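The next block holds one structure in the form of structure tokens; read it before the comments.
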Amino acid sequence: MNALRHLGLAAAAFAAALLSNGGARALVGGAPASGEVAAHAVLIVSTRGASCTGTVLAPDLVLTAAHCVAPKADYAVAIVGSGAPKLVPAARIAVHPRFDADQFQTRRPTPDLAVIKLAEPLPARFHPARLATAEGLPEKGARFLLAGYGTTAPGAEKTAGTLRTLTLPAIGTTGGIMVRLSPEEGEAGACTGDSGGPAFRDGVVAGVMGWATGPGGTRGCGGVTGVTLVSLHRDWITATARSLGSPLGE
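Residue numbers (our numbering): 2 to 251.
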């Protein structure tokens, strides 16, 4: 079975989940995304069976988490919704040079960022998002709007495939490059498949989702969500977009 066939099966599975679970909530505690947010976020699938979320930077360029696309595989953006899913294959992938795949074991955060150059432009309904330019780390309590195509709980694959959003406050930072977000009460946050998705602040993309824990630091979802701040790496993102032939519009 060829790579596109594998990718097509993955996209079809997500589309089926969306059609049969219209009321399910992606992100733990999430709500349906607005049209404005949906125009900036895409679903990423791969031949290794994993999925992630990405942010549109240009018609043929997507920002996501490095750990989503670092493993050897074929990747594509899956356009899901009405009708059969459409695949837009990745042509090239650039991973941040300082990303360390062992960071989850060492607990030493590195820039979990990657840029995907697509083989063709996305459909016209997608529009580039603006990246944050503010320097420094966000203050405690700063609110971020997360967007992702992930599940409501680990292993709950049938809840994936539809874009949802969730607003969470910052509770601190890690390593000078990442902000930690956590609900003020209950369980809420990123889950499987949300990695790579945008974290908006004041209408611009301030970060990229990278990891999540369960309540009290346990394994799972709904506790703390870790987000890599993009303003600290904007120069790399801008230079990479230019090198891939898709310079950013700002």
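Where a beta carbon is used, it is the ideal one built from N, C-alpha and C, also for glycine.
All values reported here derive from a predicted model rather than from experimental measurement.
To which residues of the same chain is residue i closer than 6 angstroms at the C-beta, ignoring the five residues directly before and after it?
i: T241; result: A95 and V116
i: K87; result: I80
i: A207; result: A133 and A200
i: V225; result: R181, S183 and T214
i: A143; result: A171
i: R131; result: V205
i: G221; result: P155 and G215
For residue i, report the span of its alpha helix (DSSP H) as first-last.
i: V38; result: G36 to A39
i: I45; result: Here I45 belongs to no alpha helix (DSSP H); instead the beta strand (DSSP E) covers A42 to S47.
i: R235; result: R235 to S244
i: T107; result: Q104 to T107
Within 10 angstroms of the Cβ of residue i, are there 16 or more other Cβ atoms? Answer buried if so, exposed if not.
i: P184; result: buried
i: A32; result: exposed
i: L28; result: buried
i: D103; result: exposed
i: T219; result: exposed
i: P139; result: buried
i: P112; result: buried
i: R165; result: buried
i: A18; result: Model confidence at A18 stands at a pLDDT of 39, short of 50, so the residue's coordinates are unreliable; what they give is reported in the following sentence. Result: buried.
i: R126; result: exposed
i: T193; result: buried
i: G250; result: exposed
i: T107; result: exposed
i: A135; result: exposed
i: S196; result: buried
i: A85; result: exposed
Counting along the chain, where does the beta strand (DSSP E) carrying residue i start and finish?
i: F201; result: P199 to R202
i: F145; result: R144 to G149
Which residues in the same chain have their Cβ closer than 8 angstroms to the Cβ of residue i, if we skip the five residues on either side of it in sequence?
i: P124; result: I80 and K87
i: R99; result: T111 and P112
i: G246; result: K118
i: R169; result: The question names Arg, but residue 169 in the sequence shown is Leu. Counting only Cβ-Cβ distances below 8 angstroms, and skipping sequence neighbours, we find R144, F145, L147, L182, S183, P184, A189, G190 and T226.
i: R93; result: I117, K118 and L245
i: T175; result: P110, R181 and G227
Could you tell me which residues DSSP pairs with residue i in its beta bridges?
i: A213; result: T226
i: V231; result: According to DSSP, V231 bridges with nothing at all.
i: G208; result: A200 and L230
i: P33; result: R165
What residues in its chain sit with their C-beta under 7 angstroms from that of residue i, if we drop five residues either side in the sequence?
i: I178; result: P110, P112, T229, L230 and L233
i: P1; result: Shown here, the chain extends from 2 to 251; a query on residue 1 therefore has no answer.
i: E121; result: D61 and V89
Quick one: is the Cβ of residue i within less than 7 angstroms of any heavy atom of the ligand ADP?
i: G223; result: Among the components modelled here there is no ligand, and therefore nothing to report on the ligand ADP.
Requested in this report: Identify every run of the alpha helix (DSSP H) within the stretch 51-92, keeping only runs that are complete inside it and at least 4 residues long; order them along the chain.
Outcome: 67-70, all fully within the stretch 51-92.
Report task. Kindly provide the ranges of any beta strand (DSSP E) runs that are 3 or more residues long and lie completely inside the stretch 119-202, ordered along the chain. Result -> Secondary structure within the stretch 119-202: the beta strand (DSSP E) runs of 3 or more consecutive residues, fully enclosed, are 144-149, 165-175, 179-182 and 199-202 (chain order).
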